[in-house]
Amino acid sequence: MNRFFTYVDPTEYEITNEGLMKACMAEVIAEAKDSGDYPMYSENDLLRSANYLYLDILNDVSQLMEAHLDS
Numbered sequence: 000m001n002r003f004f005t006y007v008d009p010t011e012y013e014i015t016n017e018g019l020m021k022a023c024m025a026e027v028i029a030e031a032k033d034s035g036d037y038p039m040y041s042e043n044d045l046l047r048s049a050n051y052l053y054l055d056i057l058n059d060v061s062q063l064m065e066a067h068l069d070s
């Protein structure tokens, strides 16, 4: 998971879909603030980026589980 999170610790969030989404949103906001781009993003832009991160994580976990089951 560390490859997905640079700014926040995802273990500080509940291990649920909602908790993961909150961690993704916090990560996206922290990254935007760090880069100085935060004022340029709308709430929808941030939510969309958080959703992409969320889906990337779920896809990665799915691939790991598939590989584990195949071995």
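Residue numbering for the sequence shown follows numbering that gives the first Met the number 0, starting at 0 and increasing by one per position.
Just so it is clear, CB atoms sit at the ideal spot from N, CA and C, and this is done for glycine as well.
Keep in mind that this is a model prediction, so the values were computed, not measured.
*So, helix, strand or coil for residue 7, using DSSP?*
It is coil, neither helix nor strand.
_In the DSSP assignment, the alpha helix (DSSP H) including residue 28 goes from what residue to what residue?_
16-34
*Rounded C-alpha distance that separates residue 70 from residue 61*: 14 Å
*Reduced DSSP secondary structure (H/G/I, E/B, other) of residue 13*: coil
*For residue 3, I'd like the list of residues in its chain whose CB is within less than 6 Å of its CB, leaving aside the five on either flank, ordered along the chain.*
56
*Report the rounded CA-to-CA distance for residue 68 versus residue 35, giving the unit in angstroms.*
43 Å
*Which residue from 32, 53, 64, 47 puts its Cα closest to that of residue 15?*
The candidate whose alpha carbon is nearest that of residue 15 is 53.
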